[in-house]
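Visitor:
2 protein chains.
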Amino acid sequence: MVKFYLQEKVPVSVLPSNKRPKFFSFGIPTYTNLGDQAVSLAQRRYIENEFPEFQFIEILEEDTDDAITAVKEILQPADVVSFVGGGNMGNVYLDHEIARRKVFAAFPENLTISFPQSINFEDTPAGQTELKKSQSAYAKNPNLFLIARDAQSYHRMQTAFDNHVLFTPDMVLYIQARDLDHSRSGALFVFRHDSEKVIAEDLINSLKEILSNGRPLKRTDTVLDTVKRITPSNRRELIVKELEWFSRQEIIITDRWHAMIFSVLTGTPCLLFGNSYGKGKHAYFDWLEHIEWVTYTDEDDPQRLKKLINSLIQRSAHEYDVRKDFRQLDRLLQLHKERFSL
Amino acid sequence: MVKFYLQEKVPVSVLPSNKRPKFFSFGIPTYTNLGDQAVSLAQRRYIENEFPEFQFIEILEEDTDDAITAVKEILQPADVVSFVGGGNMGNVYLDHEIARRKVFAAFPENLTISFPQSINFEDTPAGQTELKKSQSAYAKNPNLFLIARDAQSYHRMQTAFDNHVLFTPDMVLYIQARDLDHSRSGALFVFRHDSEKVIAEDLINSLKEILSNGRPLKRTDTVLDTVKRITPSNRRELIVKELEWFSRQEIIITDRWHAMIFSVLTGTPCLLFGNSYGKGKHAYFDWLEHIEWVTYTDEDDPQRLKKLINSLIQRSAHEYDVRKDFRQLDRLLQLHKERFSL
């Protein structure tokens, strides 16, 4: 039975038929990538804090088909439809792209928002075939606004699609972490194991040597293997636990963009390496270069990296504010409210 | 007497009082920086090609005060006011910032566009004092749209100002160069002499050695010293001449952002170094990373640079398209046209 998360904890199976305008949030992940889970949590926080007029309703990606049918039955003109943000627009994570196409094509008369994404349709016959399918689906919706979370994706989305394209940071940067003033010890290595990984194990081993003088070292990934499934019912406690863990580290070494964001939120020094198509690199230079306790590198010389790490580990957190960078999304929703006198 | 450039060649001293909507383009430079001159030429090309409903009128920066008075007398609600794009928003080039404040504050009821800029208010008492003055002037105009030409400036503008902020490339990327299929010989070094310069002369000399095996080397700057003054009357021929010169080179080595753009337009291999506050670096990563014959570096090791240059000089031009990246500006003017039924 399809589940609708009106609140985070307990889903219901019937959509409310009150007159309050609805904000439908499709594509919510159940897999155990904490970065992607944090995106969906941040979307809820953003709408509930900034646009409380809306009843916010999350729908798991696995329920996409049934939920489209159910939402169509109650949809009103002032309701907003959205699909989850992240780094999976394109042909590399095709299940998500297929769900996204269905949602974008299903409600062409309603304001439809693609929360901030990175995009990567590969320059291969398969990638270009999938791009054509997405172009055809997105083109059905003149009220669709794509949002890019880095400038490279902004360029690519505008090149690939005729839809409106806005530019904001990743939604997770909307979150503000609190009460994380712990003492710090140890270095945490957070590396991906999927097709996007490009950093060599040899280099990771060299970094471990650089950091190992009596310091505890751990290796992990922000994809959990301790739970089988994460939903809006249990994601918050897992994310808070991860942020607490980060806040006890002296430094994070990673190739995961969301590990860098967690480092930003917790004031933890962090060195980010690239993935296969630059999504972390671009987002770093676009939004985070002024945050002194995190940095990005393409360097592979251990001696140069040693200098960089030794400098980075000494830096402490300062005030920062990326709230205003969400203003193009604020304005889109503000204009929508004015249009429908909400 | 104040000059109004209704066409490029010959200015007039009286504004036309016909019913055609006007597009006033303030802040047009008379100094001899060819990059900044190309910005003002590109603005004219963009409006005349894409929005021919408007009578496009350029006003030299030196005429700002008198022109504001004259424009106020004939201004109609559908007219658009604009200030020139470039890399001088901030306290480093204060004359331009002062003219910009006057224009933004003068016509608060008309759509006002700040063409794509980079921004740099220094983190010094003087820089922050000037920022407050700009904040106060910009705040007078609720119809002012700032446009950032790189993501770092987009973040900074949104942080500093409450005005709307859009995101597009530098206007010069709108230009398409033609008939430049010359044979190539030699390397051209294009380096700035102003306060933004950070690259050491020693390093420039090492690069000359790398490139000197029988190849003619020249050094120049895109700021001309062969003419005293450039206006809309003579800028086009000087820019075309510069583009032709670039198109005859095997490679351009530069720290000038617009020298990289001229290399893009002419299909000339180009290596760009940084300036004092990253304006070229950010714009490169935002818009040009997919253009294979140009690249950016922070490297200062001659051996590593030698490898990079030897690879770069072999690359040839391919098709590229950044036209769609101007879509946020297209849409702003499209909505304006709809509002006034133009």
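Chains as they are written, first to last, in full-length UniProt numbering: chain A, 1 to 342; chain B, 1 to 342. Ideal Cβ placement from N, Cα and C applies to all residues, glycine included.
Going by beta-carbon coordinates alone, are A/F107 and A/V81 separated by less than 8 angstroms?
Guide: Contact flag set, yes.
Visitor: Between the segment 240-273 of chain B and chain A, which residues of the former have a C-beta closer than 7 angstroms to a C-beta of the latter?
Guide: The residues in question: there are none.
Visitor: Give me the Cβ distance between B/S118 and B/M89, rounded to the nearest whole Å; I'm assuming they're in contact under 8 angstroms.
Guide: 7 angstroms between Cβ atoms; contact.
Visitor: Just to confirm, are A/L15 and A/F145 a CB contact at a threshold of 8 angstroms?
Guide: Against a cut-off of 8 angstroms, the Cβ pair of A/F145 and A/L15 comes out as no contact.
Visitor: Find the residues of chain B that neighbour A/Y174, judging by a C-beta separation of less than 7 angstroms, and give them in chain order.
Guide: Neighbours of A/Y174 on chain B: none; closest Cβ ~14 angstroms, over 7 angstroms.
Visitor: Taking its Cβ as the centre, do 16 or more other Cβ atoms sit within 10 Å of B/R256, making it buried, or is it exposed?
Guide: Its Cβ being crowded by 16 or more others within 10 Å, B/R256 is buried.
Visitor: Buried or exposed for B/N18, going by 16 or more other Cβ atoms inside 10 Å?
Guide: Counting Cβ neighbours within 10 Å, B/N18 comes out exposed, since fewer than 16 surround it.
Visitor: Can you list, in chain order, the residues of its chain whose CB lies under 6 angstroms from that of B/F189, leaving out five sequence neighbours each side?
Guide: The answer, listed in chain order, is R219, I253.
Visitor: Starting from B/W287, find everything on chain A with Cβ-Cβ shorter than 7 angstroms and list it in chain order.
Guide: Ordered by position in chain A, the residues that pass the 7 angstroms Cβ test against B/W287 are H155.
Visitor: Which residues in chain A have a C-beta closer than 8 angstroms to the C-beta of B/K324? List them in chain order.
Guide: The contacting residues are Q158, T159.
Visitor: Any beta carbon from chain B within less than 8 angstroms of A/A317's own beta carbon?
Guide: Output row for A/A317: interface = no.
Visitor: In its own chain, which residues sit with a C-beta less than 7 angstroms from the C-beta of B/I47, not counting the 5 before and 5 after it?
Guide: Counting only Cβ-Cβ distances below 7 angstroms, and skipping sequence neighbours, we find F23, F54, F56.
Visitor: By alpha-carbon positions, which one of A/L203, A/P77, A/S276, A/L34 ends up nearest to A/K241?
Guide: Per the Cα distances, A/L34.
Visitor: At what residues does the beta strand (DSSP E) containing B/K133 begin and finish?
Guide: From DSSP, B/K133 is part of no beta strand (DSSP E) but of the alpha helix (DSSP H) over 125-138.
Visitor: Using DSSP with H/G/I as helix, E/B as strand and the rest coil, what is A/F83?
Guide: Residue state, collapsed to three classes: strand.
Visitor: Could you pull the start and end residues of the alpha helix (DSSP H) that A/H290 belongs to?
Guide: Note, A/H290: premise wrong, no alpha helix (DSSP H); not H, not E.
Visitor: Got a sec: which bits of the segment 136-150 of chain B sit with their beta carbon under 7 angstroms from any beta carbon on chain A, in order along the chain?
Guide: Going along the segment 136-150 of chain B in chain order, one finds no residue with a Cβ nearer than 7 angstroms to chain A.
Visitor: Hey, B/A42 and B/M171 are a contact pair by Cβ (cut 8 angstroms); roughly how many whole angstroms apart?
Guide: Going by Cβ atoms, the distance from B/A42 to B/M171 rounds to 4 angstroms, so yes, they are a contact pair.
Visitor: What residue from B/G274, B/Y277, B/H258 has the CA that sits closest to B/T268's CA?
Guide: The shortest Cα separation from B/T268 among B/G274, B/Y277, B/H258 belongs to B/H258.
Visitor: Whole angstroms is fine: what's the gap from A/N110's alpha carbon to A/L75's?
Guide: Approximately 9 angstroms, taken between the alpha carbons.
Visitor: Measure the Cβ-Cβ separation of B/I28 and B/E73 and say whether it is below 8 angstroms.
Guide: Contact flag unset, no.
Visitor: In chain order, what residues of the same chain lie with their CB nearer than 7 angstroms to the CB of B/S120, ignoring the 5 residues before and after it?
Guide: Looking at the sequence provided, one finds Asn at residue 120 of chain B rather than Ser. Excluding sequence neighbours, B/N120 sits near G90, V92, Y277.
Visitor: Say whether the segment 316-325 of chain A touches the segment 286-302 of chain A, bearing in mind that this needs 3 or more beta-carbon pairs closer than 8 angstroms, one atom from each stretch.
Guide: Yes: the two stretches touch, three or more of their Cβ pairs being nearer than 8 angstroms.
Visitor: Here's a check: name, in chain order, each residue in its chain whose Cβ is nearer than 7 angstroms to the Cβ of B/D36, leaving out the five neighbours to either side.
Guide: Contacts found: P29, G86.
Visitor: Hey, which unbroken runs of the beta strand (DSSP E) at 3 residues or more fall wholly within the segment 182-213 of chain A?
Guide: Whole beta strand (DSSP E) segments, 3+ residues: 187-190.
Visitor: Please list, in chain order, the residues of the segment 64-94 of chain B that have any C-beta partner in chain A closer than 8 angstroms.
Guide: Of all residues in the segment 64-94 of chain B, none has a Cβ within less than 8 angstroms of some Cβ in chain A.
Visitor: Measure how close the beta-carbons of A/D150 and A/H282 come, nearest whole angstrom, since I'm counting them as under 8 angstroms.
Guide: A/D150 to A/H282, Cβ: 4 angstroms. Contact.
Visitor: Looking at the unbroken beta strand (DSSP E) that takes in A/P16, where does it start and where does it end?
Guide: Run containing A/P16: none; DSSP gives neither H nor E here.
Visitor: Rounded to the nearest angstrom, what separates B/E122 and B/D321 at their Cα positions?
Guide: For B/E122 and B/D321, the distance between alpha carbons rounds to 34 angstroms.
Visitor: Consult DSSP for B/F4 and reduce its assignment to one of helix, strand or coil.
Guide: Reduced to three states, the DSSP call for B/F4 is strand.
Visitor: Have a look at B/R192 and A/R323 and give me their C-alpha separation to the nearest angstrom.
Guide: About 36 angstroms.
Visitor: Which residue marks the beginning of the alpha helix (DSSP H) containing B/S40, and which one marks its end?
Guide: Note, B/S40: alpha helix (DSSP H), 34-50.
Visitor: Helix, strand or coil for A/P302? Go by DSSP, reduced to three states.
Guide: In the structure shown, A/P302 sits in a helix (DSSP, three-state: H, G or I).
Visitor: Helix, strand or coil for A/T69 per DSSP?
Guide: Three-state result, A/T69: helix.
Visitor: On the three-state DSSP scale, how would you describe A/Q152?
Guide: Looking at A/Q152 - three-state DSSP - the assignment turns out to be helix.
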